[in-house]
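All residue numbers for the sequence shown refer to this note's numbering, where the first residue is 1 and numbers rise by one. From the three backbone atoms N, C-alpha and C, an ideal C-beta is built for every residue, glycine too. Since the model is a prediction, treat every value here as computed from it, not as a measurement. Report on the structure given below.
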Amino acid sequence: MADGLNSRDTFAYAIKKAFNYWSVLQISREHGFGGRNSFEKEEWLYDSVLQIFTENDVVFPDELEDFISEAIFNEFDTVVEDGTLNVLCKQLCGFYDMCVNQQYQQVHEELNKLGSLARRAPAVIAVCNESDESEEEINSQNFERVPNGNELISENNIQQEQGMEMETDEDKEWKVVRRSKR
Numbered sequence: 001m002a003d004g005l006n007s008r009d010t011f012a013y014a015i016k017k018a019f020n021y022w023s024v025l026q027i028s029r030e031h032g033f034g035g036r037n038s039f040e041k042e043e044w045l046y047d048s049v050l051q052i053f054t055e056n057d058v059v060f061p062d063e064l065e066d067f068i069s070e071a072i073f074n075e076f077d078t079v080v081e082d083g084t085l086n087v088l089c090k091q092l093c094g095f096y097d098m099c100v101n102q103q104y105q106q107v108h109e110e111l112n113k114l115g116s117l118a119r120r121a122p123a124v125i126a127v128c129n130e131s132d133e134s135e136e137e138i139n140s141q142n143f144e145r146v147p148n149g150n151e152l153i154s155e156n157n158i159q160q161e162q163g164m165e166m167e168t169d170e171d172k173e174w175k176v177v178r179r180s181k182r
């Protein structure tokens, strides 16, 4: 990384903010997938990503994606399949380039955009606990956010209870995060 405390500090701030806006980590945190040491695991993840950038001349998004994917699986018992990890890694590489080129204002502007997008993005979670349901059965169900946002229900259950068909809005983007079985 370019010399200067400001580059490193700005990039460390960008890493932390980008992860905090990432829906997968938000959902994992909200549902306690990281266990009681969740906060420490998140801090370790931020520091590890910063270390990857500071110790390597070139960091490619796909290599960073492999590292973060494995870390999220191992530390938060979560599998990321919604494509947001690739976007996150490209953003982190972009923030790094901006910091190296001392474009700190642009980094803050991009983070502000991320923050406004993160507040608008709906998210849905399907938790896979060890039960009688197979993963295929869980994957075949369509999930929706309940109006109060605290629980999930499947479309099939609604149709059976209400006796009418539901319309699905394909324009909405849903993010599904599944807790893996060990």
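Within the model, the alpha-carbon separation for residue 32 versus residue 54 is close to 30 Å.
Its chain contains 61 as the residues whose beta carbon lies nearer than 8 Å to that of residue 90, once the 5 sequence neighbours on both sides are disregarded; these appear in chain order. Cβ-Cβ distances below 6 Å link residue 98 to 106, 107 in the same chain, with the five nearest sequence neighbours on each side left out; the list follows chain order.
About 6 Å separates the beta carbons of residue 11 and residue 95, which is inside the 8 Å limit, making them a contact pair.
Annotation for residue 87: the continuous alpha helix (DSSP H) segment containing it runs 84-100. Counting every other CB atom within 10 Å of its CB across the protein chains shown gives residue 116 a total below 16, marking it as exposed. Under the criterion of beta carbons closer than 8 Å, residue 85 and residue 68 qualify as touching, at roughly 6 Å. Cβ-Cβ distances below 8 Å link residue 48 to 67, 71 in the same chain, with the five nearest sequence neighbours on each side left out; the list follows chain order. In the DSSP assignment, residue 29 falls within the alpha helix (DSSP H) that extends over 23-30. For residue 175, the closest alpha carbon among the candidates 63, 80, 103 is that of 80.
For residue 45, the closest alpha carbon among the candidates 15, 9, 7, 8 is that of 15.
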